[in-house]
Each structure stands twice: as structure tokens, then as C-alpha cells.
Amino acid sequence: MGAKFGNMKNFIEELRWRGMLQDIMPGTEELLSSGVVKGYIGFDPTADSLGVGNLVQVMSLLHFQQCGHKPIALVGGATGMVGDPSGKSLERNLLNEETLQHNLACQKAQLEKFLDFNCGERSAEIVNNYDWFKNFSFLEFIRDVGKHITINYMLAKDSVQKRMDSGMSFTEFSYQLVQGYDFYYLWKHQGVRLQMGGSDQWGNIVTGTELIRRKDAGEAFALTTPLIKKADGTKFGKTEGGNVWLDPKRTSPYQFYQFWLNAADEDSKNYIRIFTLKTKEEVEALETEHLKAPHLRLLQKELAKEVTIRVHSEKDYLSAVEASEILFGKGTAEALMNLSETDLLAVFEGVPQVEISKNELDAGINIVDFFADKTNIFSSRGEARKMILGGGVLVNKEKIDNVERSLNASDLIREKYILAQKGKKNYFLVICE
RNA sequence: GGGGAGAUACCAGAGUGGCCAAAUGGGACGGACUGUAAAUCCGUUGCGCGAGCUUCGGAGGUUCGAAUCCUCCUCUCCCCA
């Protein structure tokens, strides 16, 4: 492998130009250039799907592997039972065991989509820290692990300091030790030398390297990625609808594609570096093109394409583009009527669907009744009425401005569907049967 | 244990007997502009087509009339021990 290794990209260089390097422990770069390194990142099983926020870490592992190293994803079966206080101002509720197991399994399946698990020495691995914690008794833990780290050291951490006023349970306080031991365990038993993570994990990671040093006089390394910031200062990875998830059941491929497509220009430059595997040259060329014609949003399109394909599939990407064109393109009212039922359903796959009865429609439904009572697209009749009067309501891509208007069978597309729209971006497919 | 302050709509925060469905700011939603962007501007933001109805921590009371006054309860914050 030694000779082959020389051809690999330098991981640190790669992270640097992509803007993915926040802190790095001295000596890390030397370690990485010396051969294949095992590095890991931990994932917190707080939900049964990873979100786009976690994607930064997933991409770190992917770059790591592509740079010739061996990535390990750790799912936090044990740490998830404790709760990471980092960045949290309040004590967390504990997850019950059943939820935890479910979340772990789901996250594991998602991680498996990104990394190569069958490429010899550099094959990715997934480990669960519950495996080494389940038989570790409390007494053993405080003797073998707790003894090496002082309270003074632990208290100095940011995550602890920030909670000195509001309070923190012993459970959360001990979190850093539990995570620190993960690193020690992987270092000791699997030869893992590097831990990566978001910058908020620096404190926890360093507890690990410290434990390795004090307990075994060993050496381990660390680096972190910066917190992703959006140009407008709001939190990355959220939309009006909440978190953007990788699980298509939570965030449809269409919505997922739209999330990236809607990135601000300023943000898309950062995102394309972080979330795609495009080379520096490719990225810079795209940026030049984008500057020439910003309205084409080339950066956003390329970004959305690559990420959607990686997370979902080529097919999902194509459907998302098609749906986007129909929903946002020109001459759409007619195009909509001409869609086959199959295409129609494919295009609107990720759009919320509502059912109403055919009989009622045949009798004619007033537009306000339709939007408020029948479909609950608006939570009250008054709101529906105001929105219609304000010009924010469309049916089958045509604006409705009259509250007296009725809908009947002649408004159906393919004799079965009505495309209801609230504002520019919120679509509802009403199925009538 | 003693003393003080407070609880108002999604949030922050005015209002201290009628002019209050409740200022203002933020957020959210919609419109115009545009590039499905940013910035800006406009509108909406308890329910009802409307008369009107139900809201200001909870329960009672005073009054023609209460978010506003009184009583009790619950909770939060601060200071002293």
C-alpha cells in the first residue's frame, strides 16, 4: 500500500480548501502522511434519521476514505443513553431503550450508503459503543477511567461551564468521560488514531486523547470541522417545515433537492465544497460560470444534483428536477393538464396529499370550504378567505381571487386530481375519489 | 423561613377600570419586485361572511363594564437567613 499511498490526495489539504477544517491537533498531518490511518466520527442517535447537518461529518468520513484512510462511523448506543451536553443549555430528556435501538438501526443503514465497505484495508466500518459499555460496570468505570481524569479538568470544559448557572446532572457531566473512553477503547483495541467531529466536539475529543495519554501514555490525534454558518445567520439544515432529513419518509427527495437548490449564492459556494466531491478546479470553474450568469444558479443546481443523487438516487434526482420544472417553470397550467397520471403521481410524490370525496366535488365545493374545511390546507376559513383575497391561492396553477368561486369535476386533472397551491412554494395534491 | 418582583397572543414586551381582540418589535405566512436568491416595499397574523363570540397563569368576587380592582390557588425570578 505504501507506494500506492503516494498518489492519494492529502486529507488535510483537502479539508483546508473545502473550508472543512476548524481545529487540528499538532502532529495530525504527519500522522496522516505516514500511511493508512484509522479515524472515526461519532453519531448521536437522537433521531431515527440523520439530517443534512450530520452530512458534514459523513462527508468528512468520505473524504477521509478517498484520501486513502480507513473511516469508522461510531453510532452512540451508549453515549445516546447519557446525552451530550455540548451546545445544550438545558438538561436533555433520556431516550428510552426501544427508541434508541430503532434510531441506531436507521442511522446505521443510512451511513452504509455513503462509505465503501469493501475496498480492502480502507474498508469502512460501523461500530456501536454500546458493545463495549454494556458489560462495563459503574465501579470498574470510575476506577479504570474516572481515576485518570480530574474533576478540575472536566469542569474547565465549555460545555460544563455554560451549564454552571442553569444546572447539569451528574449524568450529563460524565458524558465527556464516556465519549473519551470510546476513543481510548478504539485506540487500544482497533488501532484508531484519529477522532474527527464538529467543532462543538473538540472538548469531548480532547478528553479522549488526554485519557489515552494518561492511562497508557499513548498518542492520539484530533481534528474538527467548523460549524456551518448561513449567510443570513440562521441555522443550517432547517426550512420552514423543520429539519431536512436524509430519510425520504421524512423529507421527500423533491423537498431535499429543493433545499439545496434554494441555497443563497453565498452559501452555495461553501456548500458545494463541503457536500460534493468535486475537485477544486471543478468548483472554481463553476463559480466563474455562476458569476457570469447568477440567475441560472448553476452552483445550486450542481450542488443539489450531486447531493440528491448521493443521498437518494439518480432516478429521484430526475423526478425532482421534473417536478421542479412543472411547479416553477413556464406555461405550466397546460403542461399540468397534459401530464399522464403516472407522471403526475411521480412528480408530486413528495408533495403532501389530501383526499376528498368525489360526490362532494360533483355537487360543487366553494373555494373557501375546499381550502379550509375539506382539505385543511388552511387552519381556518378566515385565513383561507384572506389568502385568497390577498392573491396567495392557486388551483391547478391558476390564481383564484374570488371567494365565491366553486370547484367541481371540471377542475379535475385526469379526472381525479386537483393541484392546490398556497403561495409560490407550497403545493398540495388533492386526490378525489 | 423572611422580604420583594412577576405571569399578557409564536417570542420579546407595552397596557394598570370603558377609546383593548389588546401598542411596538421580532418571527411566521402571503403579495409586488427578482433568479424558486438577497435587499426592499406592501398586506395578514384568536374564531366568524357578518352581527358577534371566545382570549391576557387558574378559580372565584366587586362593577353597568375588568388584561386592568379584591380574595384564594399554581408557577417563575430576585434579595436576606
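Using my numbering, read the first sequence as starting at 2 and increasing by one per residue. Beta carbons are placed, not taken as given, at the ideal position from N, Cα and C, and that holds for glycine. Just so we're clear, the structure is a prediction, and the values are computed from it rather than from any experiment.
Give the DSSP bridge partners of residue i, in chain order.
i, result
"T225", "G198"
"I25", "L224"
"I357", "C433"
"Y428", "Q422"
"I366", "L408"
Quick check: residue i and residue j, are their CB atoms within less than 8 Å of each other?
i, j, result
"G260", "T240", "With the sequence shown as reference, residue 260 is identified as Phe, and Gly is not the correct amino acid for it. Yes."
"E323", "V348", "yes"
"G238", "G52", "yes"
"K281", "W18", "yes"
"A74", "I127", "yes"
"H291", "L304", "no"
"W188", "G219", "yes"
"R194", "L32", "yes"
"S50", "R311", "no"
"E356", "I414", "no"
"M26", "T210", "yes"
"D85", "W203", "no"
"A223", "Q196", "yes"
"K359", "E434", "yes"
"S160", "S87", "yes"
"A421", "F372", "yes"
"C68", "M9", "yes"
"G201", "L178", "For the sequence presented, residue 201 should be read as Asp rather than Gly. Cβ distance not < 8 Å, so D201 and L178 don't count as in contact."
Tell me which residues share the same chain as residue i and place their Cβ nearer than 7 Å to its Cβ, disregarding the 5 neighbours each side in the sequence.
i, result
"H149", "L212, R215 and K216"
"A334", "N397, K398 and E399"
"E60", "Sequence inspection shows Met at residue 60; the Glu mentioned does not correspond to that position. Closer than 7 Å at Cβ, skipping near neighbours: I275 and F276."
"S253", "E350 and G351"
"D412", "V396, N397 and I419"
"Q191", "K39"
"N130", "L75, G77, G78, A79, T80 and D183"
"L105", "P46, V76, G78 and N129"
"I327", "T333, A336, L337 and V348"
With DSSP run on the structure shown, which of helix, strand or coil describes residue i?
i, result
"S325", "helix"
"L413", "coil"
"K421", "Looking at the sequence provided, one finds Ala at residue 421 rather than Lys. If DSSP states are grouped into helix, strand and coil, A421 belongs with the strands."
"T309", "helix"
"I42", "strand"
"M2", "Any answer about M2 is weak, because its pLDDT of 42 lies below 50 and its placement is not dependable; what the coordinates show is given next. Coil, per DSSP."
"V57", "helix"
"K400", "strand"
"I13", "helix"
"I378", "coil"
"V193", "strand"
"A395", "The sequence as given places Leu at residue 395; Ala does not occur at that position. Note: L395 maps to strand in three-state DSSP."
"I150", "coil"
"G52", "strand"
"L299", "helix"
"G351", "coil"
"S435", "In the structure displayed, the chain extends from 2 to 434; residue 435 sits before or after that span and is not available."
"L340", "coil"
"K216", "helix"
"R144", "helix"
"K316", "helix"
"T280", "coil"
"R386", "helix"
"F372", "helix"
"F137", "coil"
Within a Cβ cutoff of 6 Å, which residues of the same chain sit near residue i, ignoring the five residues on either side of it in sequence?
i, result
"N11", "none"
"S471", "Outside the shown range of the chain, which is 2 to 434, sits residue 471, and nothing can be said about it."
"Q180", "T80 and N205"
"F134", "A79"
"F115", "V59 and L63"
I'd like the list of long-range same chain contacts for residue i, defined as Cβ closer than 8 Å, with 5 residues on each side in sequence excluded.
i, result
"S325", "Y255, Y258, Q259 and L262"
"G365", "S407, L408 and N409"
"L156", "Q162"
"L101", "P46, G78, G81 and M82"
"Q111", "S50, L51, L247 and D248"
"Q354", "F429, L430, V431 and I432"
"V369", "R382, A385, R386, I389 and V404"
"Y186", "N130 and W133"
Handout entry: Segments of 4+ residues assigned as alpha helix (DSSP H) that fall wholly inside the region 69-135
Key = 80-83, 98-112 and 131-134
Exercise for the section: Would you list, in sequence order, the uninterrupted alpha helix (DSSP H) runs of no fewer than 4 residues that lie entirely inside the region 224-273? Expected result: 254-262
Exercise for the section: Mind listing, in chain order, the continuous alpha helix (DSSP H) runs of no fewer than 4 residues lying wholly within the region 150-185? Expected result: 152-156, 159-162 and 171-174
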